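Engineer: Got a structure for you, questions after.
Number of protein chains: 6
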Amino acid sequence: DFLNALQEVKSAFGASTDDLERCRLNGIIDCGSRHEHIKQRAMLLAEQVRQSRGSPLMTCLLEGPSGSGKTAMAATVGIDSDFPYVKIVSAESMIGLSESTKCAHIVKVFEDAYKSPLSIIILDDIERLLEYVAIGPRFSNVIAQTLLVLLKRLPPQGKNLLVMGTTSEVGFLDSIGIRDAFSVTYHVPTLRTEDAKMVLQQLNVFSVNDIDSAAEALNDIPIKKLYMLVEMAAQGEHGGKAEAIYSGHEKINILHFYDCLQDVVRLL
Amino acid sequence: DFLNALQEVKSAFGASTDDLERCRLNGIIDCGSRHEHIKQRAMLLAEQVRQSRGSPLMTCLLEGPSGSGKTAMAATVGIDSDFPYVKIVSAESMIGLSESTKCAHIVKVFEDAYKSPLSIIILDDIERLLEYVAIGPRFSNVIAQTLLVLLKRLPPQGKNLLVMGTTSEVGFLDSIGIRDAFSVTYHVPTLRTEDAKMVLQQLNVFSVNDIDSAAEALNDIPIKKLYMLVEMAAQGEHGGKAEAIYSGHEKINILHFYDCLQDVVRLL
Amino acid sequence: DFLNALQEVKSAFGASTDDLERCRLNGIIDCGSRHEHIKQRAMLLAEQVRQSRGSPLMTCLLEGPSGSGKTAMAATVGIDSDFPYVKIVSAESMIGLSESTKCAHIVKVFEDAYKSPLSIIILDDIERLLEYVAIGPRFSNVIAQTLLVLLKRLPPQGKNLLVMGTTSEVGFLDSIGIRDAFSVTYHVPTLRTEDAKMVLQQLNVFSVNDIDSAAEALNDIPIKKLYMLVEMAAQGEHGGKAEAIYSGHEKINILHFYDCLQDVVRLL
Amino acid sequence: DFLNALQEVKSAFGASTDDLERCRLNGIIDCGSRHEHIKQRAMLLAEQVRQSRGSPLMTCLLEGPSGSGKTAMAATVGIDSDFPYVKIVSAESMIGLSESTKCAHIVKVFEDAYKSPLSIIILDDIERLLEYVAIGPRFSNVIAQTLLVLLKRLPPQGKNLLVMGTTSEVGFLDSIGIRDAFSVTYHVPTLRTEDAKMVLQQLNVFSVNDIDSAAEALNDIPIKKLYMLVEMAAQGEHGGKAEAIYSGHEKINILHFYDCLQDVVRLL
Amino acid sequence: DFLNALQEVKSAFGASTDDLERCRLNGIIDCGSRHEHIKQRAMLLAEQVRQSRGSPLMTCLLEGPSGSGKTAMAATVGIDSDFPYVKIVSAESMIGLSESTKCAHIVKVFEDAYKSPLSIIILDDIERLLEYVAIGPRFSNVIAQTLLVLLKRLPPQGKNLLVMGTTSEVGFLDSIGIRDAFSVTYHVPTLRTEDAKMVLQQLNVFSVNDIDSAAEALNDIPIKKLYMLVEMAAQGEHGGKAEAIYSGHEKINILHFYDCLQDVVRLL
Amino acid sequence: DFLNALQEVKSAFGASTDDLERCRLNGIIDCGSRHEHIKQRAMLLAEQVRQSRGSPLMTCLLEGPSGSGKTAMAATVGIDSDFPYVKIVSAESMIGLSESTKCAHIVKVFEDAYKSPLSIIILDDIERLLEYVAIGPRFSNVIAQTLLVLLKRLPPQGKNLLVMGTTSEVGFLDSIGIRDAFSVTYHVPTLRTEDAKMVLQQLNVFSVNDIDSAAEALNDIPIKKLYMLVEMAAQGEHGGKAEAIYSGHEKINILHFYDCLQDVVRLL
Ligand SMILES: Nc1ncnc2c1ncn2[C@@H]1O[C@H](COP(=O)(O)OP(=O)(O)OP(=O)(O)O)[C@@H](O)[C@H]1O
Ligand SMILES: Nc1ncnc2c1ncn2[C@@H]1O[C@H](COP(=O)(O)OP(=O)(O)OP(=O)(O)O)[C@@H](O)[C@H]1O
Ligand SMILES: Nc1ncnc2c1ncn2[C@@H]1O[C@H](COP(=O)(O)OP(=O)(O)OP(=O)(O)O)[C@@H](O)[C@H]1O
Ligand SMILES: Nc1ncnc2c1ncn2[C@@H]1O[C@H](COP(=O)(O)OP(=O)(O)OP(=O)(O)O)[C@@H](O)[C@H]1O
Ligand SMILES: Nc1ncnc2c1ncn2[C@@H]1O[C@H](COP(=O)(O)OP(=O)(O)OP(=O)(O)O)[C@@H](O)[C@H]1O
Ligand SMILES: Nc1ncnc2c1ncn2[C@@H]1O[C@H](COP(=O)(O)OP(=O)(O)OP(=O)(O)O)[C@@H](O)[C@H]1O
Ligand SMILES: [Mg+2]
Ligand SMILES: [Mg+2]
Ligand SMILES: [Mg+2]
Ligand SMILES: [Mg+2]
Ligand SMILES: [Mg+2]
Ligand SMILES: [Mg+2]
């Protein structure tokens, strides 16, 4: 069933730091070849850093729509790399701090990384680290400048570092020069109908007859939204059905599923 | 009569925190199917959170014109959910505080919620929490960033949280990315003629002959404005009539009612 | 004569707080039916608050051109209501204070009002309270947010409050949402020719032959400007005539009156 | 001769406060009927304030091009009024002070005036008091708000006040509502050819043949610039002629005068 | 030779304050009639101030393209005037100071000047004193206001002051009203071909055959850039030639000179 | 092989300060005649400063696209000049400092330089020193003003200084007047196909057959990006090939190289 599927996928990854695991609340499921390809290229960068002679610093940006799986992918690279120092920098742990304290925190993470021969730093949701809002736009230039310098500053002799950033506002990062400060940028996509179908099959919560139409309706959905939607639909129209669905005794009512889809998907 | 009707509706809700009750000064009256439908969907989200395995955090935005009943509805879900922790965050209790103190206050409410297995937080009048004015526009980015992070941050293992926001400035929330930070958004509408008629019948302050024309005149009025208007009209042209009207001895003069309507409804 | 007329009108109002009286430097004279109608509607709101069950808070905005008599009218309602707590909030008493001190002062007035069963608060010249200038425009958002919250916050159980605002910048108040925060808005007009004539007759400073042409020239003048103009004209072309005019021994020279009018009325 | 003429005009005014006298460095010469007319109207306002019953506060703005004689005229009214309290508020004495200290200073001058039965306050170069620059435009809103309130605030019972402002940026004052805050506004003009001729005749530094062409060339010059230009021309092409000219032994070379005129008058 | 020529020109000026001398690093060479004319007019203003009765304050702005010799010219007037107090106010000596400290410094220089019967103050590079950048534009309004007041404030009785400003951003000074605050403005031009030729002849570093084509190429060059260019060219293509050229043993290679010219002159 | 080539090039430069050497992580390789020409002109400026009599201060800006070799070239001039004082001012060593502390640091470097008879100061990445972002644009005017003054201020008698700046935002520097504050500006270009081919031949990591098509694909690449790209490609499609390639046992797979190129080169 659905929840067990989640558990299985998760447990396949062995021990790793808690912070990184929390980034993959629903585990890692096969999301199709495009997701897979990007993950492999990112792992190759980790490899390059590990064996580096001429490039002690590599930087890579994962950009894509909200919920497309960027953070989970970066966390996965961090976990799979087996580097001694892997750290995620996130706005969650810096709520309410002043701009300069945030800067100090970020710089500290880099200084710590410089002490390890092999390090990965994940700058999660860079637009949030920068306190970005589209109106204005407003953002913290102090933090932006700090990132711009850190993304270019070489680690000390013999230390090697991979920096991975994630963002769903690549246009903004471009406009302030942070996108260009990364050596490479990969686009993490939403799910196409065929990807969505594969995911739904793995979750096993729809009847065989409904799975095609459900997948069709889900074209271009981000993986994170798909998970949330399935949970909503599993409740049933009047609540209380979730248990039965996850245990495999019942299947999701496709009409109620369409209803939930409409609540979630915003029509513009 | 009108006031007793209010009392009846109110007392139907049993004991609940005072703060939430104050949000329903005029109780909850049947406002038609569209209001009802939204309330049920919101209750279903509470249900999903209660039974959650994969979605410990659900977020839901109630948006609609000023006075359409958003706050009363959110309060009602909070009361009816029977969750151990239900808290409303409102600008009223934070007048004159600095942006950072407001942030601290908001964060505190979330931290408290994280200690309860089941919690509801109502972010009332989000544009007011954000100190929004349309000119500029101006608003507190510090508070906006705090909300953006809190609306995405997962509660600790085993804790589950429903966040409900209300706003009459959904366009603004959209422009700063806060609307998209909510999983679902529901539109709380004004009253259509048929809804208004039903409400007037329950209030019983018009003569049978006038009720249709009164309801007609009220098309598209928000429920809150309807209550205020009825009170104004009940005064009578020269004051002093209220008692007689509420006790059922007299009915509202329809012509005076039209007069009051013109004072209240702004013609653009 | 003119000055005695002033005195008479003034003394007709009996004892009342000095602050409110100072708002009616020239007393209250009959300015025509439109002024009168607005005053009555405002008194009715006071009545509604007095007898309120469902609407413990009423808010009313008096808007109109500079000098049309808004402040004097609000003061008159405050005096005539006989409410135990009537307070005027004005920029005059807060010159040079910081925004936050002004906020504190305003909040204090509301807190005090919440202790009285029946209160009236006059927010005089709201654009001035908000430190508004058209260029930019600039204004104090801190104070604006405070007013927006206070205009919506319910008094405690059993306390009832009427808030009256005055402004000559209703377009600005509209653009920042403060106009909509008031339940009702009334427009206080300038004097039409017939109103001006009536006022001039009461003042008795023109010869019977001149009064019609004088009133004609005054079409659309605000009452406050009319008073100032009459005083200027009463001086005479070379000064020193005022005594004679006010005592009724002489009348204002209509040609000199036209001269003064041109100094005062700005041609665009 | 020129300098004696200056002395004569000056000594005609008798004793008066030094500050006010410094505003008339070149004394007061007859500048034509338009200047004279304005001065008389301003004196009439002082008269109205002196005898006031209904208008304890009069406010009057003198606006006009740079150097047209506004400050000197206001100072003259102040001196001629014989009011016990006459004070000039000028940016010169507040260089480098903070906005709030400047406000305090201005408020203090008004408070002092409120203690005298009859007072005149001259707000000199209001745009400079407001720290105005056209780019932006930028200015001190704190000071602007202070002036807006002070220009409307009534003196205490029995005290009467005339406020005179001067400005060469009336368009700016208009845009921030300060022009409208004055009861009356007078335009102080530059010199027309006939006015300039009259002034030159009084100064007696040109030969009779040249005076017409000189005056012709000076059409539309402000009185202050005329004085400066005459001093420049009196130096002679190689310097050292001033003594001879002022003593009447020589006359200004009209060609050199034209040269100087071109240096001073900016062609756009 | 070139360097001796420099020395000669310099030593012709006798003793003077070091600060002023540093402003004429390359001495003063004959730059043609237009430069000369401006210098004489400026000297005449000094003369006027010296003998002043009616104009104790004269102000004069030297504006022109970067390097055209404004500072050197102002310094020269300062030196040649033999006034007891001559002071240059420059951004160089105020690097890193706050706006208000800079103001205080500037005010201090004026206060000191007011103690001397005859003073000259040079406000060098006014746009730099104002911390001007074209983007925005940004500048210090605090300092701008200070200058605007100081340029109009009369020295005490019996003290006379000439203020000379220099700027290469006259358009900006105009837009903030500082240009108009000066009594007169002179334009310090670049060198026309004939001026450049005359300068090159004095420097004696080109062969007679080349001097015309060199001067032709230098049309419209500022004198300061000409000096720098000659030094660059004197190095020779491979360095090391300077000594030979300045001592007169060799002449500058005209082709290399063209090369250097292209590096220096920016083609747009 | 590639890495040895790097080593060789590096060791050719002998002892020099570590800071400057770090700026040439991949040594200096022959990048074609255009790079070479610029380096020679810059060296000539150092020569001019060394022998200066009339120009104790020379300033030179190296501008060009990101990674084109500006910093390495400036460092090389610094090293090759053999001047006693050579200092690089870079944002890396000032992360998180306030604007004024940064200013103080920069001023300190200049003050130190003024103590040495011959100095070179490298202002690296001036847009970063200025905390520039394109949005707005925003930047530190305090630092900009400091640079504008320092780039014009003469060293004390007998001290000579060459200032070299680098930037990849020459348009921005132009818009704030900093480009014009430099005496000369040189454009450091990307590699043309023939330059790229020469570099690839020196690196010796492609098979002879591939080198032409590889160079063709690299047209207009900056030298720094070329190094990074070669390292990526050397990893091989599945990682682990780097050793074999650098030791010369294998060559880079041209197809994989094209793949990497696409990741790195951004198509707009
Ligand atoms: N193959 C996969 N790749 C990425 N995420 C996956 C995959 N399979 C399952 N998931 C789940 O999908 C979710 C992806 O959410 P994630 O937070 O990574 O998205 P995101 O793009 O970072 O979103 P946001 O834009 O909000 O930051 C996670 O809960 C993760 O466990
Ligand atoms: N079915 C109902 N739903 C909502 N409100 C109701 C209902 N029946 C009666 N009411 C009354 O209508 C009023 C609704 O006002 P409420 O403050 O909730 O509106 P709102 O949309 O939050 O307004 P605002 O935009 O000003 O915040 C309350 O007084 C409430 O008691
Ligand atoms: N019927 C009346 N209504 C209002 N004011 C009257 C009336 N009769 C006489 N007055 C006098 O007219 C003047 C009105 O001035 P008031 O300050 O109230 O105008 P305002 O509209 O508030 O002006 P502002 O826009 O400047 O605030 C007062 O002096 C008042 O005594
Ligand atoms: N009739 C007159 N009216 C005004 N000024 C006169 C008159 N006769 C002579 N003057 C002289 O002309 C000069 C006017 O300068 P004043 O400073 O008053 O002009 P202003 O308009 O205030 O200039 P600014 O716009 O620079 O403030 C003074 O020196 C004054 O002595
Ligand atoms: N006749 C002259 N007039 C002015 N400067 C001259 C003259 N002859 C030689 N010079 C030299 O030319 C240079 C002029 O430079 P100066 O700094 O005065 O120019 P500037 O216009 O102030 O430049 P900037 O716009 O950069 O401030 C000085 O070195 C000066 O010694
Ligand atoms: N001839 C050369 N000139 C410059 N750099 C070279 C040359 N040969 C090899 N390199 C190497 O190329 C790289 C150039 O990078 P550098 O940091 O100087 O570029 P940049 O233009 O300053 O980049 P950025 O715009 O990011 O500051 C250095 O690693 C340097 O070792
Ligand atoms: Mg993410
Ligand atoms: Mg609400
Ligand atoms: Mg008023
Ligand atoms: Mg003046
Ligand atoms: Mg200069
Ligand atoms: Mg660089």
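Residue numbers (the working numbering), protein chains in the order written: chain A, 810 to 1077; chain B, 810 to 1077; chain C, 810 to 1077; chain D, 810 to 1077; chain E, 810 to 1077; chain F, 810 to 1077.
Glycine included, each C-beta is placed from N, C-alpha and C at the ideal position.
Computed from a prediction, not measured in an experiment: that's the story for all the values here.
1) For Gly1048(F), which residues in chain A fall below 7 Å Cβ to Cβ?
2) Give me, in chain order, the residues of the same chain whose beta-carbon lies closer than 6 Å to that of Leu959(A); leave out the 5 immediate sequence neighbours on both sides.
3) Which residues in chain B have a C-beta closer than 9 Å to the C-beta of Cys912(C)? List them in chain order.
4) Starting from Glu872(D), trace the beta strand (DSSP E) in both directions and tell me its first and last residue.
5) Please work out which residues of its chain come closer than 7 Å, Cβ to Cβ, to Asp889(E), disregarding the five sequence neighbours upstream and downstream, and give them in chain order.
6) Between Ile888(B) and chain C, is any beta-carbon pair separated by less than 8 Å?
7) At which residues does the beta strand (DSSP E) containing Asn969(B) begin and terminate?
8) Just to confirm my understanding: we take Asp1004(C), look at its own chain, exclude 5 residues before and 5 after, and list those with CB closer than 7 Å. What are they?
9) Take Val972(E) and list the residues in its own chain whose beta-carbon comes closer than 6 Å to its own, dropping the five residues that flank it on each side.
10) Considering only C-alpha positions, which residue in the set Lys1050(C), Tyr1067(C) and Leu870(C) is nearest to Lys1060(C)?
11) In chain order, which continuous runs of the alpha helix (DSSP H) of length 4 or greater are located wholly inside the region 867 to 948 of chain C?
12) Based on the DSSP output, what are the partners of Ile1030(C) in its beta bridges?
13) For a test of the three-state rule: what should DSSP assign to Val1074(B), helix, strand or coil?
14) Hey, Leu1000(A) and Ile1032(A): beta-carbon distance below 8 Å or not?
15) Just jot down, in chain order, the residues whose CB lies closer than 7 Å to any heavy atom of ligand 8.
16) Is it the case that the region 947 to 962 of chain F contacts the region 892 to 912 of chain F, given that we only count it when at least three CB pairs across the two stretches are under 8 Å?
17) Just by C-beta distance, which residues in the region 870 to 881 of chain D are closer than 9 Å to chain E?
18) For Val1014(A), name the three-state secondary structure that DSSP assigns.
19) Of all the residues that make up the region 932 to 965 of chain F, which are near chain E by a beta-carbon distance shorter than 9 Å?
20) Residues of chain C with CB closer than 8 Å to the CB of Tyr1036(B), please, in chain order.
21) Ligand 2 heavy atoms versus the CB of Gly986(C): any closer than 7 Å?
22) Are Val916(B) and Thr955(B) close, meaning C-beta to C-beta below 8 Å?
23) Looking at Leu870(C): is its Cβ nearer than 8 Å to the Cβ of Thr994(C)?
24) So is Asn1018(F) buried or exposed if we call it buried at 16+ other beta carbons inside 10 Å?
25) How should Pro998(B) be labelled, buried or exposed, when 16 other C-beta atoms within 10 angstroms of its C-beta is the threshold for buried?
26) At a CB-CB cut-off below 7 Å, which residues of chain D make contact with Gln1044(C)?
27) Let me check you understand the geometry: is the CB of Ser877(F) closer than 7 Å to at least one non-hydrogen atom of ligand 6?
28) Mind listing the chain C neighbours of Arg850(D)? Cutoff is C-beta to C-beta under 8 Å, in chain order.
Structural biologist: The answer reads as follows:
1) Taking the sixth sequence and counting its residues from 1, one reaches residue 1048(F) at position 239. Ordered by position in chain A, the residues that pass the 7 Å Cβ test against Gly1048(F) are Leu853 and Glu856.
2) As a working note, residue 959(A) is residue 150 in the first sequence. If we look at Leu959(A) and ignore the five residues flanking it on each side, its Cβ neighbours are Phe919.
3) On the third sequence, residue 912(C) is found 103 positions in, with the first residue counted as 1. The contacting residues are Ile904 and Gly905.
4) By 1-based counting over the fourth sequence, the position of residue 872(D) is 63. Residues Leu866 to Glu872.
5) One-based indexing of the fifth sequence puts residue 889(E) at position 80. Cβ neighbours of Asp889(E) beyond the five flanking positions: Met852.
6) One-based indexing of the second sequence puts residue 888(B) at position 79. So no, Ile888(B) is outside the interface.
7) Mapped onto the second sequence, residue 969(B) falls at position 160. Asn969 to Thr976 is the extent of the beta strand (DSSP E) around Asn969(B).
8) What you label residue 1004(C) is simply residue 195 of the third sequence in a count that begins at 1. These residues qualify, in order along the chain: Cys840 and Gly841.
9) Start at 1 with the first residue of the fifth sequence, and residue 972(E) comes out as number 163. These residues qualify, in order along the chain: Thr868 and Ile930.
10) Looking up residue 1060(C) in the third sequence gives position 251. Looking only at Lys1050(C), Tyr1067(C) and Leu870(C), the smallest Cα-Cα distance to Lys1060(C) is reached by Lys1050(C).
11) 879 to 890, 908 to 922 and 935 to 938
12) Counted from its first residue, the third sequence places residue 1030(C) at position 221. In the DSSP output, where bridge partners are listed per residue, Ile1030(C) has Leu1000(C).
13) Mapped onto the second sequence, residue 1074(B) falls at position 265. Coil at Val1074(B), not helix or strand.
14) In the first sequence, residue 1000(A) corresponds to position 191, counting from 1. In the first sequence, residue 1032(A) corresponds to position 223, counting from 1. Contact flag set, yes.
15) Neighbourhood of ligand 8, defined by CB distance below 7 Å to any of its heavy atoms: Lys879(B), Thr880(B), Asp933(B), Asp934(B) and Thr975(B), in chain order.
16) yes
17) So the list reads Ser875, given in the order they occur along the chain.
18) Position 205 of the first sequence, counting from 1, holds the residue named residue 1014(A). Coil.
19) Gly945, Pro946, Phe948, Asn950, Val951, Ala953, Gln954, Thr955, Leu957, Val958, Leu959, Lys961, Arg962 and Leu963
20) For the purposes of this step, residue 1036(B) is taken as residue 227 along the second sequence, with counting starting at 1. Simply Gly863 and Ser864.
21) Taking the first residue of the third sequence as 1, we reach residue 986(C) at position 177. For ligand 2, not one heavy atom lies less than 7 Å from the Cβ of Gly986(C).
22) Numbered from its first residue, the second sequence carries residue 916(B) at position 107. Numbered from its first residue, the second sequence carries residue 955(B) at position 146. In this structure, Thr955(B) lies closer than 8 Å to Val916(B) by Cβ.
23) The residue given as residue 870(C) occupies position 61 in the third sequence. The residue given as residue 994(C) occupies position 185 in the third sequence. Their beta carbons are under 8 Å apart, which means Leu870(C) touches Thr994(C) by this criterion.
24) For this step, residue 1018(F) is matched to residue 209 along the sixth sequence. The residue is exposed, with fewer than 16 neighbouring Cβ atoms inside 10 Å.
25) Your numbering for residue 998(B) matches position 189 in the second sequence. Buried, by the Cβ-count rule.
26) Here residue 1044(C) refers to the residue found at position 235 when the third sequence is read from its first residue. What Gln1044(C) touches in chain D: Leu853, Glu856 and Gln857.
27) As a working mapping, residue 877(F) is identified with position 68 in the sixth sequence. If you check the C-beta of Ser877(F) against ligand 6, you find a heavy atom less than 7 Å away.
28) Walking along the fourth sequence from the start, residue 850(D) turns up at place 41. Those are Asp1072, listed as they occur along chain C.
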